[in-house]
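Step one of this worksheet: look at the structure below.
This is how it looks when you write it as structure tokens:
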């Protein structure tokens, strides 16, 4: 067993060179409580937000595809991306489609698991201003 400050120092030294999203700190505390006492609960405010890196797929053509690339989408395309999705070659966290490319999505509507990530106007992932939606999604 190490004292908490020393353990945190070792953890910080060990995580150098690893991606930010892979660091996990787990504490096991032994607390002696008296009878009828309130259980120990709490939270810690981290100095920086721990947000994951999102892999954003943008389905767009032409100028909208260029805007999506500049806004930070991980992968951008139309028919080529849809074919890769049908073959199961593409992995992403969220899919955003330009309103002009929405009819292309009919091909992948029946893919198992598509309901989870399929773009829809109700979710706000089918839009005409694709750059704004990608920026808002990436910075949430």
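Numbering (the working numbering), first residue to last: -15 to 124.
Virtual Cβ for every residue (Gly too), placed ideally from N, Cα, C.
Quick caveat, the model's predicted, so the values are computed rather than measured.
What does the alpha-carbon distance come out to for the pair residue 24 and residue 116?
What you label residue 24 is simply residue 40 of the chain shown in a count that begins at 1. What you label residue 116 is simply residue 132 of the chain shown in a count that begins at 1. If you take the alpha carbons of residue 24 and residue 116, they lie about 43 Å apart.
Using 8 Å as the threshold, is the C-beta distance between residue 88 and residue 62 below it?
Taking the first residue of the chain shown as 1, we reach residue 88 at position 104. Taking the first residue of the chain shown as 1, we reach residue 62 at position 78. Yes; because the gap between Cβ atoms is below 8 Å, this pair is in contact.
Under the rule that 16 or more other beta-carbon atoms within 10 Å means buried, what is residue 81, buried or exposed?
Here residue 81 is taken as the residue at index 97 of the chain shown, counted from 1. Counting Cβ neighbours within 10 Å, residue 81 comes out buried, since at least 16 surround it.
Would you kindly check if the distance between the Cβ of residue 86 and the Cβ of residue 110 is under 8 Å?
Position 126 of the chain shown, counting from 1, holds the residue named residue 110. Position 102 of the chain shown, counting from 1, holds the residue named residue 86. Closer than 8 Å, so yes.
Buried or exposed for residue 112, please, with buried defined as at least 16 other CB atoms from any protein chain shown within 10 angstroms of its CB.
Indexing the chain shown from 1 puts residue 112 at position 128. The residue is exposed, with fewer than 16 neighbouring Cβ atoms inside 10 Å.
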